[in-house]
Amino acid sequence: MTFNDRIFGILMIVLAVAYGWGTTQFNEPFGGTEAVGPETFPRLLAAVLALSSLYMIVRPDPDNAWPWSRTGIELIVAVVVLIFYAALLQPLGFIISTTLAVGTLCWRMGSRPVKAYVIGAVSGVVVYLVFNFALDLALPLGLLSFLEVG
Numbered sequence: 055m056t057f058n059d060r061i062f063g064i065l066m067i068v069l070a071v072a073y074g075w076g077t078t079q080f081n082e083p084f085g086g087t088e089a090v091g092p093e094t095f096p097r098l099l100a101a102v103l104a105l106s107s108l109y110m111i112v113r114p115d116p117d118n119a120w121p122w123s124r125t126g127i128e129l130i131v132a133v134v135v136l137i138f139y140a141a142l143l144q145p146l147g148f149i150i151s152t153t154l155a156v157g158t159l160c161w162r163m164g165s166r167p168v169k170a171y172v173i174g175a176v177s178g179v180v181v182y183l184v185f186n187f188a189l190d191l192a193l194p195l196g197l198l199s200f201l202e203v204g
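Numbering of the sequence shown is given in our numbering, commencing with residue 55 and proceeding in unit increments.
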């Protein structure tokens with residue numbers, strides 16, 4: 055499996071470079087550049103992905119087999135949830151789509167559904183407030199845009 059890890063690591067480096075390059079395509083914010091702008095967090099993610107991929111290439115795990123059992127199905131469900139999360143982020147807004155994604159993932163990991171979606175809702179609201187007010191980075195409100203202040 056070391057060969058598979060190295061191939062996967064190379065593909066993830068390509069993804070990290072493409073993702074990092076995509077951050078250079080963001081429009082410059084009104085009023086000029088800022089120390090923390092809309093590209094900061096994605097660039098950080100691209101760097102972490104690239105470093106993790108390099109580690110996977112240099113030190114692959116010799117004994118990992120793809121989990122075709124329930125674990126493999128759960129991994130596929132998680133990827134599908136994240137794809138839907140990315141697709142619904144703009145139309146539904148950050149808070150609603152985060153509630154659905156985090157709630158679904160928590161539920162799939164064994165939480166009771168009500169508790170899972172409450173955790174998702176709290177997570178969505180807290181992260182929205184931190185990004186919007188503490189970091190001054192706007193996240194889409196989508197269906198909740200009527201709550202927008204000013």
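Think of the CB as a built atom: it goes at the ideal place given N, C-alpha and C, for glycine as much as any other residue. Remember, it's a predicted structure, so these values are computed and weren't measured experimentally.
Per-residue burial, residue i [other beta carbons within 10 Å of its own, 16 or more giving buried]
i      : result
Val52  : Shown here, the chain extends from 55 to 204; a query on residue 52 therefore has no answer.
Ile150 : buried
Ala192 : exposed
Gly164 : exposed
Phe148 : buried
Tyr182 : buried
Leu65  : exposed
Leu154 : buried
Gly204 : Summary for Gly204: the model assigns pLDDT 49, below 50, so the residue's position carries little reliability, and this model does not support an answer.
Ser199 : exposed
Thr78  : exposed
Val107 : The amino acid at residue 107 is misidentified as Val; the sequence shows Ser. Flag for Ser107 reads buried.
Gly174 : buried
Gly63  : buried
Leu129 : exposed
Leu146 : buried
For residue j and residue i, the rounded distance between their alpha carbons
i      : j      : result
Cys160 : Tyr139 : 14 Å
Tyr171 : Tyr73  : 30 Å
Val180 : Met110 : 33 Å
Asp115 : Gly196 : 42 Å
Leu99  : Val168 : 31 Å
Proximity of residue i and residue j at Cβ, strictly below 7 Å
i      : j      : result
Arg97  : Val131 : no
Thr152 : Gly178 : yes
Val134 : Thr158 : no
Secondary structure, alpha helix (DSSP H): runs of 4+ residues fully inside the stretch 100-179: 124-146 and 148-162
Per the contact definition of three or more C-beta pairs closer than 8 Å, is the stretch 55-73 in contact with the stretch 102-119? yes
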